[in-house]
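Residue numbers (the working numbering): -9 to 127.
Where a beta carbon is used, it is the ideal one built from N, C-alpha and C, also for glycine.
Quick caveat: nothing in here was measured; it's all calculated off a predicted structure.
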């Protein structure tokens, strides 16, 4: 079927003995002494990592003053137009596919019928010409 030969079930090795594994429990570690109350942070304290370990905070970036309202509007309109174009193209393809398939089938059917009529005419003319040649002899 797929080119891989599988062994016959009689050739497959089976486990006939149950082997119990000798499991040794892990060595017990000495118990840690309980934490003292002095080691726990008090609720009033601020517990935070040092400043070098804190992730940098990002400040909102201001829009450069060189960008005018008209440029911003143009940029937004072009982005929206691109999205509308891609959505329109998708919808048109989606709507046109069944329509094109139906018309393609109709054209193929019409071409077959026309070819059939043409072949019948050609064969009929050829037979008539051959019969005319035979009658002349």
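First through last residue of the alpha helix (DSSP H) which encompasses residue i
i, result
"residue 127", "Premise fails: residue 127 is in no alpha helix (DSSP H) and is neither H nor E."
Helix, strand or coil at residue i [DSSP, three-state]
i, result
"residue 73", "helix"
"residue -9", "Low confidence applies here, because residue -9 scores a pLDDT of 48, under 50, leaving its location unreliable; read the following figure in that light. Of the three classes helix, strand and coil, the one that applies to residue -9 here is coil, per DSSP."
"residue 12", "coil"
"residue 108", "helix"
"residue 66", "helix"
"residue 113", "helix"
"residue 58", "coil"
"residue 118", "helix"
"residue 28", "helix"
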